[in-house]
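**Student:** Provided herewith is a single structure, encoded as structure tokens, for subsequent inquiry.
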């Protein structure tokens with residue numbers, strides 16, 4: 077098979093390219109810019125384009141497929157050439173479905189938690205030497221690539237993103253997978269640039285359930301009112317299994333999970349992560365892992381990359397970074413850190429980085445989002461606001477939106493870094509939440525703070 081990737085350098089795209097290369101396919105690709113770690117990983121397997129930029133000559137009639145990434149434009153010259161030649165064009169999720177249409181597809185959906193739940197499932201399967209195909213959006217310890225495809229594995233586990241499939245296909249990615257087993261972790265309005273109203277966003281999950289295969293299984297978070305309503309109204313799944321936050325306790329900064337064999341310490345913490353664990357347990361059981369084997373494996377799960385990832389720790393201080401950026405994620409993550417270290421000062425820093433978070437019309441969704449923090453900081457780049465074509469945001473707007481008078485608002489990366497390094501972190505927990513890097517902050521250097 078000969079496959080060409082338009083915009084091969086993306087996080088998801090380059091992982092799929094590597095997976096197909098490992099499967100024996102002849103893979104080529106193009107992009108206008110490729111950054112690390114994609115660049116080095118592609119170069120390692122001689123998949124890095126010799127020259128950056130788009131070249132229609134790369135598209136020939138003997139290609140079996142062209143896979144189109146979101147980074148490309150509708151008028152991309154390679155895309156236009158593929159259309160002209162009649163080469164089959166796939167979006168990323170379309171090609172994943174093509175690779176898995178004869179497998180049992182397990183799709184993990186939700187506004188939050190899907191990466192963590194998918195990672196938990198893969199961790200358990202890996203621990204017990206169960207081979208499965210997969211696609212997950214974060215690097216997981218013990219795995220080389222985050223897409224793995226074979227012709228022989230029975231199951232494929234897919235992280236079900238609700239964002240658009242490609243520049244020429246506006247369907248949400250998870251609508252294309254047609255799951256045999258599905259999970260919905262929670263629904264909180266996101267991607268305001270694509271789904272302009274809350275109801276429009278919710279309807280994507282209703283359609284997701286309606287697109288499940290006949291005789292399918294739906295696992296859902298019964299603690300989320302909207303998810304529960306969708307699940308109970310759904311007619312497609314044959315079986316439905318609700319889950320809730322499991323019983324647990326926190327002793328001296330360690331979370332102990334109640335199990336049939338007694339209290340079991342786990343590496344992760346926070347109600348949202350324990351809820352994710354409960355959902356992962358149901359999925360693993362449907363994939364043939366019994367409850368005792370699940371608990372044995374999950375006890376060693378340390379979390380997905382950038383999801384409450386511990387950067388540094390001393391005897392009386394700890395630093396975490398987290399991908400949280402939407403209001404629901406910010407609340408859950410801040411609450412988790414404060415509850416885990418209730419006798420310490422919780423310093424929570426949030427970077428407004430995504431289109432939704434920088435949109436003045438969406439800011440009010442952050443009301444009380446940082447209330448669990450003792451010290452709360454919001455950083456944003458006015459340049460990023462301008463680049464996204466959004467209206468200017470002022471510090472007073474952000475304070476009013478978060479409903480917190482003592483909120484510290486910063487816009488200069490050096491000022492933020494200086495402030496951060498001046499903090500006395502004894503008896504504290506520092507939480508850095510962002511899908512960016514605060515204008516160039518080196519997270520590995522923060523170990524010096526302790």
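In the working numbering, the protein residues as written are 77 to 526.
Positions of the beta carbon are idealized from the N, C-alpha and C atoms, including for glycine.
Tell me the start and end of each unbroken beta strand (DSSP E) in the segment 307-371 that is at least 3 residues and wholly inside, in chain order.
**Tutor:** The segment 307-371 contains these whole beta strand (DSSP E) runs: 315-319, 324-327, 330-335 and 338-342.
**Student:** Less than 8 angstroms between the CB atoms is what I'm expecting for residue 193 and residue 355, so what's the real figure, rounded?
**Tutor:** That pair is a contact at about 5 angstroms.
**Student:** Roughly how many whole angstroms lie between the Cα atoms of residue 131 and residue 237?
**Tutor:** Each residue's alpha carbon lies about 30 angstroms from the other.
**Student:** Please classify residue 169: is it buried, with 16 or more other beta-carbons within 10 angstroms of its beta-carbon, or exposed?
**Tutor:** Buried.
**Student:** Is it right to say residue 328 is buried, meaning 16 or more other beta carbons lie within 10 angstroms of its own, or is it exposed?
**Tutor:** Burial call: exposed.
**Student:** Across which residues does DSSP place residue 396 in a beta bridge pair?
**Tutor:** Residue 396 is bridged to 386 and 507.
**Student:** So is residue 256 buried or exposed if we call it buried at 16+ other beta carbons inside 10 Å?
**Tutor:** By the neighbour-count rule (16 or more Cβ atoms within 10 Å), residue 256 is buried.
**Student:** Whose CA, out of 417, 318, 439 and 398, lies closest to the CA of residue 391?
**Tutor:** Of 417, 318, 439 and 398, the residue nearest in Cα terms is 417.
**Student:** Alpha carbons only, please: which of 367, 295, 483 and 455 is nearest the one belonging to residue 186?
**Tutor:** It is 295.
**Student:** For residue 342 and residue 467, I'd like the C-alpha separation in whole angstroms.
**Tutor:** Near 44 angstroms, if we compare the C-alpha coordinates of residue 467 and residue 342.
**Student:** So, with DSSP's three-state summary, where would you put residue 404?
**Tutor:** The answer is helix: DSSP assigns residue 404 an H, G or I state.
**Student:** Shorter than 7 angstroms, the distance from the beta carbon of residue 398 to the closest heavy atom of the ligand GDP, or not?
**Tutor:** As far as ligands go, the structure on display features none, and thus does not contain the ligand GDP.
**Student:** Please state whether the Cβ-Cβ distance between residue 234 and residue 253 is less than 8 angstroms.
**Tutor:** Yes, the Cβ-Cβ distance between residue 234 and residue 253 is below 8 angstroms.
**Student:** Do residue 508 and residue 388 have their C-beta atoms closer together than 8 angstroms?
**Tutor:** Against a cut-off of 8 angstroms, the Cβ pair of residue 388 and residue 508 comes out as no contact.
**Student:** Would you mind reading off the limits of the alpha helix (DSSP H) that contains residue 471?
**Tutor:** 471-478 is the span of the alpha helix (DSSP H), which, as asked, contains residue 471.
**Student:** What does a CB cutoff of less than 6 angstroms around residue 280 pick up in its chain, not counting 5 residues either side in sequence?
**Tutor:** Once the five neighbours on either side are set aside, the close Cβ partners of residue 280 are 238 and 248.
**Student:** Is the shortest distance between the beta-carbon of residue 509 and the beta-carbons of chain D less than 8 angstroms?
**Tutor:** Included in the structure is just one protein chain, with no chain D present.
**Student:** Is the distance from the Cβ of residue 413 to the Cβ of residue 452 below 8 angstroms?
**Tutor:** Not closer than 8 angstroms, so no.
**Student:** Counting Cβ pairs, one atom from each stretch, are 3 or more of them under 8 angstroms apart for the segment 264-271 and the segment 214-230?
**Tutor:** No: fewer than three Cβ pairs fall under 8 angstroms.
**Student:** Leaving out the 5 sequence neighbours to the left and right, which residues in its chain are closer than 6 angstroms to residue 440 when beta-carbon positions are compared?
**Tutor:** Correct list, in chain order: 477.
**Student:** From the DSSP output, in three-state form, read off residue 201 for me.
**Tutor:** DSSP places residue 201 in helix when its eight states are reduced to three.
**Student:** Whole angstroms is fine: what's the gap from residue 408's alpha carbon to residue 346's?
**Tutor:** Near 8 angstroms, if we compare the C-alpha coordinates of residue 346 and residue 408.
**Student:** Going by DSSP, what residue range makes up the beta strand (DSSP E) through residue 491?
**Tutor:** Unbroken run through residue 491 is the alpha helix (DSSP H), 489-497; no beta strand (DSSP E).
**Student:** Just to confirm the assignment, what range does the beta strand (DSSP E) spanning residue 246 have?
**Tutor:** Run containing residue 246: 245-248, per the beta strand (DSSP E) assignment.
**Student:** How long is the line joining the alpha carbons of residue 33 and residue 115, rounded to whole angstroms?
**Tutor:** What the structure shows of the chain is the stretch from 77 to 526, and residue 33 is not part of that stretch, so it cannot be assessed.
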